[in-house]
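Report on one structure; see the data block that follows.
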Amino acid sequence: MSNIRSSFENGKAFIPFITCGDPDLETTAKVVRAAAENGADLIELGIPFSDPTAEGPVIQGANIRALAGGVTTDKVFELVKELRRDVKIPFVFMTYANVVFSYDAERFMARCCECGVDGIILPDLPFEEKGEFSAVAKQYGVDLISLIAPTSENRIAMIAKEADGFIYIVSSLGVTGMRSEITTNIGDIVKVIRDNTDVPCAVGFGISKPEQAKAMAAVSDGAIVGSAIIKILEKYGKDAAPYVGEFVKEMKDAVGR
Amino acid sequence: MSQSKGRFGVHGGQYIPETLMNAIIELEQAYDHYKNDPEFNKELTELLNSYAGRPSLLYRADKLTRELGGAKIYLKREDLNHTGSHKINNVLGQALLAKKMGKKRLIAETGAGQHGVATATAAALLDMECVVFMGEEDTKRQALNVYRMKLLGADVVPVKTGTATLKDAVSEAMREWTTRIEDTHYCLGSVMGPHPFPTIVRDFQAVISRESRAQILEAEGRLPDAVIACVGGGSNAIGSFYHFINDEGVRLIGCEAAGRGIDTFETAATVNTGKIGIFHGMKSYFCQDEYGQIAPVYSISAGLDYPGVGPEHAYLHDIGRAEYVPITDDEAVNAFEYLSRTEGIIPAIESAHAIAYAMKLAPTMDKDKIIIVTVSGRGDKDCAAIARYRGEDIYE
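Order-wise, the sequence lines are chains F and L.
Position one of the first sequence corresponds to residue 1 (the UniProt record's numbering), numbered consecutively onward.
Position one of the second sequence corresponds to residue 1 (the UniProt record's numbering), numbered consecutively onward.
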């Protein structure tokens, strides 16, 4: 069974997203440890990409800062390997198809396996295209995470049936970033997912406040927060770790321990 | 497991967020229906002929031929179309399709501004809203086209992210589409992006070679020896090549923007310097580093300043059916001036890349050989930039 499943056995899951190397990899390491110590159930680690088309301005900024600092895929693997010595919760990469493809998908998945990465999210890889990555991912025990969007409708069942690890429910139309309200009926989506799989599902996109996280986790199995954490990194830079830790604690308390 | 669609060899596909998948499927189904609908085709042909001014001329450039002293050169005059370039061919098709699908709003990316102007024009004609995304750098290089789009009633959004050029305009248009899908059609301007765009845009641009093939048979009683067109994403080139692809004796030559040279980093010659990757919805060749980060590309031409190339071109390259040659800024500017002086035709700086290669190739060929060069657009928009390149500052 997938390691990722364990993230959803400690009440509702809280999943923070961090762009690796924003502003540098030492800070990322500190922030990951602070998040883990404060109740994060799984951490989504972003490998920066030059043109992140699914991201809003906040995470775009983090990608630019990280790349400007010289972060590469190899350096991110080294970071994960080092973190794995003491951080036990699952890690899931979030990056774009070209980062994996250019590294060679098999070599990439083998490195994930070796360094202790449990899954990968590729927002520009829909169900129809996943074949070329899912076979090698499976071979190395890496879960290729499926996304379901408010527009998925008749596609939900098909996607859910083949899902591994967890399902990432995109809360709203558009790109990542904080929103004042989420209008999609997540409960309806979850119901169709439940009819087709027992893989857990977490909601992301637009969640920044504890009450939003609580509401989203109440109708699913967890909440994912990215831009709000990147905002903390933007503000405090290399000193961000304790502030991220505090935020993670507040969010985990809200979704329910 | 579902099957990947829209492949040209290994290239193409649909690498887009799940949020857009149903919209893309809806577009594909609508296109499959309307492309064979006599009523739709009648309406489109009517628009192309009575509004855009088709068929465009195939002009025998005698003076150019004489001066170069080799193969006989014909120019396919897409610059004479309404709005001044080939972009209108695709836009009228897509706008009409979007209208049939019940969409009320068109969004588009633009580099040189020609596709933006064409989209704004179609939106005005068909009573649709229009928003055009344009790299901030390009809004400066092509200020005249920004004004034209606004005059036509479009909103122009300057894109400040990344290199602030065409690739960033495409990314921003894609982001906008995921935000507002229900009433909006993304009118993609080149043979790129996720399936079905490379096929739709090719089919609408294929009118170029459908005409030129018939025109050259009429004028010369035989097919040409070579067809030359410039390639950014590759829409005028695929349109110029398409009906000659099965004619093995016809060389198909795409001219890429080499910028300051393919041995420098300041280039946009994707097939010549890039490698296979996945970006902007497709698998194809891209300028990128060893970790797959998309490279900042450069060309004097805002319309060719793109780090990728359409998947069908990537395939034609792989199977050796088409050749892709690099043309530098200097060569293109020389050709821009040369065609203006010899034939009294000011080509777009993009099209000047194709003219530049014809200037190299024609003298090496016998006088009984024939070349067709596509002049994809007119060069009025480029005059101020070329003057600046030559060290002269003029008011636009």
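Each residue gets a CB set at the ideal place from its N, CA and C atoms; glycine is no exception.
These numbers come from a predicted model, not from an experiment.
Counting only beta-carbon atoms, is residue i nearer than 7 Å to chain L?
i, result
"Glu-129/F", "yes"
"Asn-185/F", "no"
"Ser-102/F", "yes"
"Leu-173/F", "yes"
"Asp-51/F", "yes"
"Asn-98/F", "yes"
"Asp-188/F", "no"
"Pro-242/F", "no"
"Asp-143/F", "no"
"Asp-124/F", "yes"
"Thr-176/F", "no"
"Leu-45/F", "no"
"Thr-151/F", "yes"
"Thr-73/F", "yes"
Quick check: is the beta carbon of residue i nearer than 7 Å to any beta carbon in chain F?
i, result
"Gly-277/L", "yes"
"Ser-4/L", "yes"
"Ile-294/L", "yes"
"residue 448/L", "Chain L is shown only over 1 to 396; residue 448/L falls outside these bounds and no answer can be derived."
"Met-101/L", "no"
"Ser-171/L", "yes"
"Tyr-291/L", "yes"
"Asn-22/L", "yes"
"Thr-178/L", "yes"
"Arg-175/L", "yes"
"Glu-18/L", "yes"
"Met-1/L", "Model confidence at Met-1/L stands at a pLDDT of 48, short of 50, so the residue's coordinates are unreliable and nothing is read from them."
Would you report the Cα separation of residue i and residue j, rounded to the nearest angstrom?
i, j, result
"residue 407/L", "Ala-226/L", "Outside the displayed span of chain L (1 to 396) sits residue 407/L, for which this structure offers no information."
"Val-297/L", "Asp-24/F", "26 Å"
"Lys-283/L", "Pro-123/F", "15 Å"
"Met-1/L", "Gln-14/L", "With a pLDDT of 48 at Met-1/L, under the threshold of 50, the modelled position of this residue cannot be trusted; read the value that follows with caution. Cα to Cα, the separation comes out at about 15 Å."
"Asn-236/L", "Glu-246/F", "56 Å"
"Ala-362/L", "His-243/L", "22 Å"
"Gly-234/L", "Ala-157/F", "38 Å"
"Val-248/F", "Gly-135/L", "37 Å"
"Ala-356/L", "Gly-56/F", "41 Å"
"Arg-390/L", "Gly-377/L", "21 Å"
"residue 259/F", "Ile-145/F", "For residue 259/F there is no data in the structure shown, the boundaries of chain F being 1 and 257."
"Val-271/L", "Val-309/L", "7 Å"
"Ala-123/L", "Leu-106/L", "7 Å"
"Glu-89/L", "Lys-214/F", "Looking at the sequence provided, one finds Asn at residue 89/L rather than Glu. Between Asn-89/L and Lys-214/F, the C-alpha separation is close to 51 Å."
"Thr-110/L", "Ile-4/F", "43 Å"
"Ser-6/F", "Val-117/L", "54 Å"
"Ile-43/F", "Pro-90/F", "7 Å"
"Leu-125/F", "Glu-132/F", "10 Å"
"Glu-392/L", "Asp-51/F", "35 Å"
"Val-207/L", "Ile-73/L", "20 Å"
"Lys-275/L", "Gly-12/L", "14 Å"
"Arg-194/F", "Asp-104/F", "34 Å"
Tell me whether residue i is buried or exposed, calling it buried when 16 or more other Cβ atoms sit within 10 Å of its Cβ.
i, result
"Gln-29/L", "exposed"
"Phe-265/L", "exposed"
"Tyr-395/L", "exposed"
"Ser-134/F", "buried"
"Glu-18/L", "buried"
"Gln-114/L", "buried"
"Tyr-237/F", "A small fix is needed here, since residue 237/F is Gly in this sequence, not Tyr. By the neighbour-count rule (16 or more Cβ atoms within 10 Å), Gly-237/F is not buried but exposed."
"Gly-320/L", "exposed"
"Ala-149/F", "buried"
"Thr-45/L", "exposed"
Measure the beta-carbon distance from residue i to residue j and round it to whole angstroms, keeping in mind my assumption that it falls under 8 Å.
i, j, result
"Ile-294/L", "Pro-307/L", "5 Å"
"Cys-201/F", "Ile-229/F", "With 8 Å as the limit, Cys-201/F and Ile-229/F do not qualify as a contact, their Cβ atoms being about 21 Å apart."
"Gly-193/L", "Gly-93/L", "So it is not a contact: roughly 15 Å between Cβ atoms."
"Val-99/F", "Phe-49/F", "6 Å"
"Tyr-291/L", "Ser-152/F", "No, Tyr-291/L and Ser-152/F are not in contact; Cβ-Cβ is about 31 Å, not under 8 Å."
Quick one: what's got a C-beta closer than 7 Å to residue i's C-beta in the same chain, skipping five residues either side?
i, result
"Val-375/L", "Leu-75, Lys-76, Arg-77, Glu-78, Asp-79, Ile-345, Pro-347 and Ser-351"
"Ser-209/L", "Gly-239, Ser-240, Phe-241, Tyr-242, His-243 and Phe-244"
"residue 403/L", "This structure gives no information on residue 403/L, because the portion of chain L shown stretches from 1 to 396."
"Leu-57/L", "Arg-77 and Leu-80"
"Thr-178/L", "Pro-17, Thr-19 and Leu-20"
"Glu-312/L", "Phe-8, Val-191, Pro-198, Arg-202 and Ile-238"
Give me, in chain order, the residues of the same chain whose beta-carbon lies closer than 8 Å to that of residue i; leave out the 5 immediate sequence neighbours on both sides.
i, result
"Ile-267/L", "In the sequence as presented, Ile is not what sits at residue 267/L; that position holds Thr. These residues qualify, in order along the chain: Ala-257, Ala-258, Gly-259, Arg-260, Gly-261, Thr-273, Cys-287, Val-297, Tyr-298, Ser-299 and Pro-326."
"Phe-336/L", "Ile-346, Pro-347, Ile-349, Ala-352, Ile-355, Gly-379, Asp-382 and Ile-386"
Grab me the residues of residue i's own chain with a C-beta within less than 6 Å of its C-beta, minus the 5 sequence neighbours each way, in chain order.
i, result
"Asn-38/F", "Gly-245, Val-248 and Lys-249"
"Gly-187/F", "Val-219"
"Lys-81/F", "Cys-115"
"Ser-208/F", "Met-178 and Ala-228"
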